[in-house]
Every structure is written in C-alpha cells, then in structure tokens.
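The listed protein sequences derive, respectively, from chains A and B. Residue numbering for the first sequence follows this note's numbering, beginning at 229 and increasing consecutively. Residue numbering for the second sequence follows this note's numbering, beginning at 588 and increasing consecutively. One structure is given here, and the rest of the page talks about it.
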Amino acid sequence: MPRARVLIRPKEGILDPQGQAVERALPALGFEGVANVHVGRLVELDVEDASRVPEMCERLLANPLIEDYEVVSIESHDQDAEVIPP
Amino acid sequence: MRFGVVRFPGSCDEVDALQACRRFADAELLWHGDPELRGADAVVVPGGFSYGDYLRVGAIARFSPVMEAVAEFAAAGGTVLGICNGFQVLCEAGLLPGALLTNSGRRFLARQVDLEVVNADTRFTHEAGVGDRLSIPVKHGAGRYYAPEEMLDELDAHGQIILRYAPGHNPNGSLRDIAGVSNREGNVFGLMPHPEHAVDPLTGSRDGGLIFASLAREPAAA
C-alpha cells in the first residue's frame, strides 16, 4: 500500500503560541538567529487510494479554517522501509 | 420541557450540567453511542475532553452516533447548547462558525471571569438584559475564539455574538472578546465559560442559571 505523509501547520497569520514558546526557548540554549518557528503535526498513513488523501485532510486531518496541509510524500511501503542506522 | 445532556468518553462536566438543568426542568443523560435523543426538547453538549481531544479539540466527538442525531436535530431547528468542549465539538461539526485555538498565554486557565450579555433576544439569554454582567468561571486550555475577519463582521451584523468577556476579562485572547456565539438561525449556541458551575451561591455565583432558565421558560410576550 502506498504511504502518505501529511504536514499540517497553523495558517499563516494565526497566533501560534507553541511556535512562540519554542522560538523563545532556543536562544536560552545558545541557538541564536532563529525566527518564525511554527509547530504543526505530521500524519503518516498507508492508503489504498492515495488520491483520497486531500479529501481526508479537508474533512478530518486538518481544520481548513485554521490549518494548512501539504501532502509531502507518497511512496511505496518498500522504499519507505529503508533502515536508518542508529 | 426536558434537557438531554450528552456524555462522551472523556466528558467531565456532564453531571454538573445535568444538575444545573434539573434546577429548571427535567433532564437526562444521553450516551454518545445512542443514535437518537430520546425525545429531548433541548440538547446540552457538555465540557470535558471528549475522546481524549485527540487530533484537535472536539475533532473526534463529532463522528459519534449521538452527534449525527444532534446535527439532524439542529438542522430541524432544535435547541443545542455547547459548553467548553461542547462548544469546540459544535465548531468542529460545522454547527457553529469559527474555531477554538490554544489560549494565547499557552496555559490552562481556571478562574472566574465577568461576561457581558450582547444579545438578550435569544432562546438562551432572554432572561437576561443587554449589557448585564455575569460572573461565570472558565477552565480551558484551548478557548481562544477565532474566525476570519469577514466572518467576525457577519457574526456581529447578525447578532450572533451573544456573550463577550467584559473589558479586561478576556482570559485567552479570543478575537473581539467573544465568549459565546450562535449559528445564524439562533438555535445553536456555544460558549467557553461554564454556566453549569455557576448555579448555586455555594460556588460563588448563580449567574449561569440564567441560561438554563431562559431555555426552560418561554420568553415573556413583548
């Protein structure tokens, strides 16, 4: 089954308190020069019919009023099964 | 007059809501798996963390069998009141406009706030007067009311903003200080504050009783 990966992020211009908290925490660890941090969600799913993923996003995975979504990769499961060395 | 109070897995305010309703009318609990409302005259969708609030607050509850019945009931003009998580569920279900986002201060809030009645010409608020100040508690992590600007203008123009936080009392960054909104038809109403926790002097305020009283009584003839 093909594997779909969906990125969901707060719509541009919507206050993102989580992103702000991360943005403020980074300089405390010595990471300077970081701006515009936004925190979203990643949804991965195996789907029989990948063409239906956008509809899934519209109806459940994202709330289009407040979130943007992006289907970032749809690949076969075999390719995805590549083992990443520790 | 009988209220039906929905209980989802993860609800936590349904018993307080039931007790609040019973001060003014009959009331019984409705289970989330029930595909019908057992003849309730008005439905309360209570606060809590329905289905763990997974994905987004309120996002999963709207697919429960009872919510299908609630949606049909609302479409036929039935009275539906959503409190806190119930408000979030009704927004996710498309029965109310807008969405509830994480509080601007990021923290979970539990405190008494003052509200102002903006529209008293509704089945939820006719026992109050415009400008009345109500003291009612909030307790939520995601109560920041959001809707796009044009939608906010429409809500304003059609009298759908029923309650606002009083000046200086907006606890969560809600746009235009909105604490509670109705749908265009006026039969579905959601609010973040908890009127069911403000019906007895023992807990500091009886102001929340106005909402249940309004639902239980016919509006006085003009």
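Note that CB positions come from ideal geometry on N, CA and C, so glycine has one too. Keep in mind the model is a prediction, meaning the values are calculated, not measured.
Nearest chain B C-beta to residue i closer than 7 Å, yes or no?
i: ASN264 (chain A); result: no
i: PRO245 (chain A); result: yes
i: LEU293 (chain A); result: yes
i: GLU310 (chain A); result: Low local confidence applies: a pLDDT of 47 at GLU310 (chain A) is under 50, so the model's placement there is unreliable, with the coordinate-based value given in what follows. With 7 Å as the cut-off, GLU310 (chain A) does not count as an interface residue toward chain B.
i: PRO314 (chain A); result: Model confidence at PRO314 (chain A) stands at a pLDDT of 49, short of 50, so the residue's coordinates are unreliable; what they give is reported in the following sentence. No, no contact with chain B.
Beta carbon of residue i, beta carbon of residue j: below 7 Å?
i: TYR641 (chain B); j: GLY597 (chain B); result: no
i: GLY664 (chain B); j: ASN690 (chain B); result: no
i: ILE242 (chain A); j: ILE302 (chain A); result: no
i: LEU766 (chain B); j: PHE611 (chain B); result: The residue you asked about is not Leu; residue 766 (chain B) is Ala in the sequence shown. Going by C-beta atoms, ALA766 (chain B) is not nearer than 7 Å to PHE611 (chain B).
i: ARG775 (chain B); j: LEU683 (chain B); result: It should be noted that the sequence gives Val, not Arg, for residue 775 (chain B). Yes, these two residues count as a Cβ contact at 7 Å.
i: MET779 (chain B); j: PHE674 (chain B); result: yes
i: THR712 (chain B); j: VAL704 (chain B); result: yes
i: HIS784 (chain B); j: ASP603 (chain B); result: yes
i: LEU721 (chain B); j: LEU696 (chain B); result: no
i: ARG643 (chain B); j: PRO245 (chain A); result: no
What is the rounded straight-line gap between the Cα of residue i and the Cα of residue j?
i: GLY247 (chain A); j: ASN291 (chain A); result: 18 Å
i: GLU276 (chain A); j: SER801 (chain B); result: 51 Å
i: ARG231 (chain A); j: TYR752 (chain B); result: 46 Å
i: GLU272 (chain A); j: VAL281 (chain A); result: 11 Å
i: SER651 (chain B); j: GLY620 (chain B); result: 6 Å
i: VAL700 (chain B); j: LEU677 (chain B); result: 23 Å
i: SER279 (chain A); j: GLU659 (chain B); result: 30 Å
i: LEU616 (chain B); j: ALA253 (chain A); result: 45 Å
i: ARG237 (chain A); j: ARG763 (chain B); result: 24 Å
i: THR790 (chain B); j: GLU623 (chain B); result: 34 Å
i: ALA627 (chain B); j: PHE799 (chain B); result: 14 Å
i: PRO782 (chain B); j: LEU257 (chain A); result: 44 Å
i: GLY716 (chain B); j: LEU797 (chain B); result: 10 Å
Would you mind sorting residue i into buried or exposed? The rule is 16 or more other CB atoms within 10 Å of its CB.
i: LEU270 (chain A); result: exposed
i: ARG287 (chain A); result: exposed
i: GLY777 (chain B); result: buried
i: GLY795 (chain B); result: buried
i: PRO754 (chain B); result: exposed
i: VAL300 (chain A); result: exposed
i: GLY560 (chain B); result: Lying before the first or after the last residue shown, residue 560 (chain B) is absent from chain B, which here runs from 588 to 809.
i: ARG649 (chain B); result: buried
I'd like to know whether the C-beta of residue i is nearer than 7 Å to at least one C-beta of chain A.
i: SER792 (chain B); result: no
i: SER691 (chain B); result: yes
i: ARG643 (chain B); result: yes
i: ALA697 (chain B); result: no
i: ALA715 (chain B); result: no
i: ALA534 (chain B); result: The structure shown does not extend to residue 534 (chain B), since chain B is modelled only from 588 through 809, so no value can be given for it.
What are the uninterrupted segments assigned as alpha helix (DSSP H) that are 4 or more residues long and contained completely in the segment 590-630 of chain B, given in chain order?
601-609
List, from N- to C-terminal side, the alpha helix (DSSP H) runs of 4 residues or more that fit wholly inside the segment 667-729 of chain B.
672-679
Beta strand (DSSP E) runs contained entirely in the segment 247-291 of chain A, provided each spans 3 or more residues
Uninterrupted beta strand (DSSP E) stretches at least 3 residues long and entirely within the segment 247-291 of chain A occur at 269-274, given in chain order.
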